[in-house]
């Protein structure tokens, strides 16, 4: 019996192609696999997981693999830890990180507790990232083999205990290979489009409607060099560095949002250089293992670039990322994730 | 191997029903609407089935409309009443969604229940008095989650006094095995039943329409069921349902005390061995087959998983379309805290249940609850 055969694995299946193939690979590798789909959102949505048809897709793949499929309703936890904070963030002028909060509280903390209670050894997901074991026996989260699909940014908060009980079977391969395997395995999900945007927001109306139904949105003014140059319907929907959708048209000099005052509704715009900052303060940092100090790479959006700089600790779970070259201002609330090469060191929230 | 404690979801098909069904699908395959001999044979089988259903429900054969099941019968009762007469639909807050949804969609009124899950008769009277006109009042015979039996006679007394023009509908889907519906629903104008809850196949049911009040039609395009429900009848399902209903009525007197003893032992021993377990409702006013409990500090779906691992098949609240456990509207209506309601468990017994089923549950529950409380 191989090591794999002894292990009971609970694989989280969204109904998408990545988690379908992840489940298929685990079955091939001899694990004792059970599938679960998490029901997270009961409201209107068409862009992400949790619809009845997605659950059906997951169930059909599981049946094809000959494994049991269950549905867990984590809707209350999802509202508490993901949707409510998402809305609050906008109301308070911070950028929310719904996928990160979902991973932190739901997909890992809550699911791992549930898996443990039900007698599973490990959980698995279809994320594009790797669990790497170092020589000293500690774990690190590594970037997925497909750089364009890498999801280590949204999984940066995983602890040693969580990494030690996690399998990421598709992290070693490209998305193209995942789709090829899905075809070989005969899954109907092989050609399903990648999930986009925030899973609980309906594409009709989008963020504006979702937030407008829940909080009062504040009309604001666009100001450049102290003069009003336009208006916006909701300052909550404006982000630092934003260029499009400000109503300037394509022929004028490019302007970027350089500051947002949620109290007064004043959105300041300027040229690209005015958005640059030499550093960013980060708090609420969780480290994969030991706190970092000195030269690191940092990334501040899901599929954004990584830039070099020096991490200067300023207290417990706090520090300043000093860029080697000035970088576009990181908005309050965005997650900043630190890397050593391809390995995640940790991450926190921009202040 | 499986220990089946989910009879309220569906109960095994009785042998007499299987036989009747096979007969209707082989020699008796004719279309009952036709004119020739084979058609007449099928039609006669339907007539016999109508007699059996009418007898069990205390009605006349001409008052039976065969449907595709309980949900269609409930929809026909509510929507049909609203189409044929003036006024609103009224139902209790613990009705099955097959009643609640058509009532709510038509802007009807929902009457609260007491903390034991019984309809609040004073509130019913108030709702009826406030409504200008009432087309139909729908109150179930017994609840599908808790087993709580509703006092249909008392409900009818209020309705006749305050809203005499209203029809009274009783969703008796959960009552067939355990209640003498002819007596219990004697004051109801409309009674819904579902074949697979009492040992018939899925896909058959009936609505008894006492004295055949005018009723709107949902399915147009055929003269079947005297034009009240178009579409060729599901003859195999219907004759099997009739065989099952006769068997159910015949053995009810012996099954009720037998199953009650099993249920009482099940609940009493769980309450004795698991701290923080609560039995919902008042046991004396529940059908004898349902053990419905809430466990403090756990989530049903995790408990169901561990029960299944021990080959025990049970359920919690009704499942939503995705198969996830939704919080129970029944427990919410009874005033249960949402967290406690999330830890609900329904163990439902039936005509095939034995001591071994009860023993299997009792062996796994205390350890499973303790494990979940400790680890989640």
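Residue numbers (the numbering used here), protein chains in the order written: chain A, 1 to 351; chain B, 1 to 376.
Note that CB positions come from ideal geometry on N, CA and C, so glycine has one too.
Rounded to whole angstroms, what is the Cα-Cα separation between residue i and residue j?
i: residue 71 of chain A; j: residue 92 of chain A; result: 34 Å
i: residue 104 of chain B; j: residue 77 of chain B; result: 14 Å
i: residue 385 of chain A; j: residue 163 of chain A; result: Lying outside 1 to 351, the shown extent of chain A, residue 385 of chain A is not represented and no answer is given.
i: residue 263 of chain A; j: residue 364 of chain B; result: 58 Å
i: residue 148 of chain A; j: residue 67 of chain B; result: 55 Å
i: residue 348 of chain A; j: residue 353 of chain B; result: 56 Å
i: residue 47 of chain B; j: residue 233 of chain B; result: 12 Å
i: residue 22 of chain A; j: residue 59 of chain A; result: 14 Å
i: residue 372 of chain B; j: residue 160 of chain A; result: 23 Å
i: residue 246 of chain A; j: residue 235 of chain A; result: 11 Å
i: residue 333 of chain A; j: residue 305 of chain A; result: 18 Å
i: residue 32 of chain B; j: residue 24 of chain B; result: 11 Å
i: residue 225 of chain A; j: residue 255 of chain A; result: 12 Å
i: residue 29 of chain B; j: residue 193 of chain B; result: 24 Å
i: residue 48 of chain A; j: residue 45 of chain B; result: A caution first: residue 48 of chain A carries a pLDDT of 49, below 50, which makes its placement in the model unreliable, though a value can still be read off. If you take the alpha carbons of residue 48 of chain A and residue 45 of chain B, they lie about 51 Å apart.
i: residue 334 of chain B; j: residue 119 of chain B; result: 10 Å
i: residue 277 of chain B; j: residue 96 of chain B; result: 25 Å
i: residue 331 of chain B; j: residue 115 of chain B; result: 9 Å
i: residue 208 of chain A; j: residue 200 of chain A; result: 13 Å
When you compare each of the options to residue i by their alpha carbons, which one comes out closest?
i: residue 208 of chain B; options: B:31, B:61, B:93; result: B:61
i: residue 34 of chain A; options: A:323, A:120, A:84, A:133; result: A:120
i: residue 125 of chain B; options: B:112, B:116, B:117; result: B:112
i: residue 80 of chain A; options: A:268, A:67, A:98; result: A:98
i: residue 348 of chain B; options: B:114, B:150, B:141, B:317; result: B:317
i: residue 281 of chain A; options: A:306, A:261, A:247, A:336; result: A:336
i: residue 270 of chain B; options: B:294, B:131, B:165, B:20; result: B:294
i: residue 90 of chain B; options: B:74, B:326, B:135; result: B:135
i: residue 303 of chain A; options: A:197, A:77, A:320, A:203; result: A:197
i: residue 122 of chain B; options: B:154, B:147, B:116, B:146; result: B:154
i: residue 252 of chain B; options: B:149, B:288, B:65; result: B:288
i: residue 324 of chain B; options: A:75, A:63, A:32, A:10; result: A:75
i: residue 84 of chain A; options: A:110, A:218, A:213; result: A:213
i: residue 185 of chain B; options: B:146, B:55, B:10; result: B:55
i: residue 136 of chain A; options: A:290, A:307, A:342; result: A:290
i: residue 281 of chain B; options: B:146, B:359, B:298; result: B:146
i: residue 146 of chain A; options: A:138, A:171, A:327, A:297; result: A:171
i: residue 53 of chain A; options: A:66, A:241, A:39; result: A:39
i: residue 173 of chain A; options: A:283, A:130, A:138; result: A:130
i: residue 176 of chain B; options: B:143, B:342, B:160, B:222; result: B:143
i: residue 227 of chain B; options: B:129, B:3, B:80, B:375; result: B:80
Report yes if the CB atom of residue i is closer than 8 Å to the CB atom of residue j, and no otherwise.
i: residue 166 of chain A; j: residue 123 of chain A; result: yes
i: residue 189 of chain B; j: residue 167 of chain B; result: yes
i: residue 211 of chain A; j: residue 339 of chain A; result: no
i: residue 5 of chain B; j: residue 357 of chain B; result: yes
i: residue 178 of chain B; j: residue 94 of chain B; result: no
i: residue 165 of chain B; j: residue 99 of chain B; result: no
i: residue 189 of chain A; j: residue 55 of chain A; result: no
i: residue 125 of chain A; j: residue 19 of chain A; result: yes
i: residue 296 of chain B; j: residue 340 of chain B; result: yes
i: residue 239 of chain A; j: residue 331 of chain A; result: yes
i: residue 10 of chain B; j: residue 196 of chain B; result: yes
Exposed or buried, residue i, counting other C-beta atoms within 10 Å across all chains shown (16 or more means buried)?
i: residue 36 of chain B; result: exposed
i: residue 1 of chain B; result: exposed
i: residue 205 of chain B; result: buried
i: residue 237 of chain B; result: buried
i: residue 355 of chain B; result: exposed
i: residue 261 of chain B; result: exposed
i: residue 138 of chain B; result: buried
i: residue 158 of chain B; result: buried
i: residue 253 of chain A; result: exposed
i: residue 315 of chain A; result: exposed
i: residue 153 of chain A; result: buried
i: residue 14 of chain A; result: buried
i: residue 127 of chain B; result: buried
i: residue 63 of chain B; result: buried
i: residue 102 of chain B; result: buried
Can you tell me the Cβ-Cβ gap for residue i and residue j, rounded? I've got them flagged as a contact below 8 Å.
i: residue 87 of chain A; j: residue 106 of chain A; result: At roughly 17 Å, the Cβ-Cβ gap does not stay under 8 Å, so residue 87 of chain A and residue 106 of chain A are not in contact.
i: residue 201 of chain B; j: residue 240 of chain B; result: 5 Å
i: residue 232 of chain A; j: residue 220 of chain A; result: 5 Å
i: residue 244 of chain B; j: residue 199 of chain B; result: 4 Å
i: residue 223 of chain A; j: residue 257 of chain A; result: Not really, about 11 Å apart at Cβ, beyond 8 Å.
i: residue 242 of chain B; j: residue 49 of chain B; result: 4 Å
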